[in-house]
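If you read the sequence shown in the working numbering, its first letter stands for residue 1, the second for the next number, and so on.
For each residue, glycine too, the CB sits at the ideal point set by N, CA and C.
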Amino acid sequence: MYHQNELFYRLHTTPLHLRAQLYHYACRLGQRDNVMVTASDTHCSIWVSLRSPSVTALTLRRQPLPAFLQPDSQLDSSSERMV
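Structure (structure tokens):
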């Protein structure tokens, strides 16, 4: 995603009922990184700046995400909105 001259990587997507947990996780990441949360009617996503060290740490090194975040790769980001 591109927003305000910054490229973002979708770090994770969860069902909408886990939005509060995703938001708290985003707040923790936001203390050191540029983070965005988007939501649709059925799911929400956390996005991290591609310049962020967290993208490398969490994706390339395969460090686990918090337990409440379960992968769901079948979701379409075209219907999401920023929250």
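Extent of the continuous alpha helix (DSSP H) run through residue i
i	result
His-17	Looking at the DSSP string, His-17 is not in any alpha helix (DSSP H), and its letter there is neither H nor E.
6 Å Cβ shell around residue i - same chain, five flanking residues per side excluded
i	result
Met-1	Phe-8 and Trp-47
Arg-19	Cys-44
Leu-50	Leu-7 and Tyr-9
Leu-11	Ile-46 and Val-48
His-3	none
Pair within 8 Å by beta-carbon distance, residue i and residue j
i	j	result
Pro-22	Val-37	The question names Pro, but residue 22 is Leu in the sequence shown. Against a cut-off of 8 Å, the Cβ pair of Val-37 and Leu-22 comes out as a contact.
DSSP three-state assignment for residue i, whether helix, strand or coil
i	result
Met-1	coil
Arg-32	coil
Residue interval of the beta strand (DSSP E) (run including residue i)
i	result
Thr-38	35-39
Ser-52	Element bounds for Ser-52: n/a, residue is neither H nor E.
Residues near residue i in its chain [Cβ-Cβ closer than 7 Å; skip 5 each side]
i	result
Asp-33	Val-48, Ser-49, Ser-52 and Ser-54
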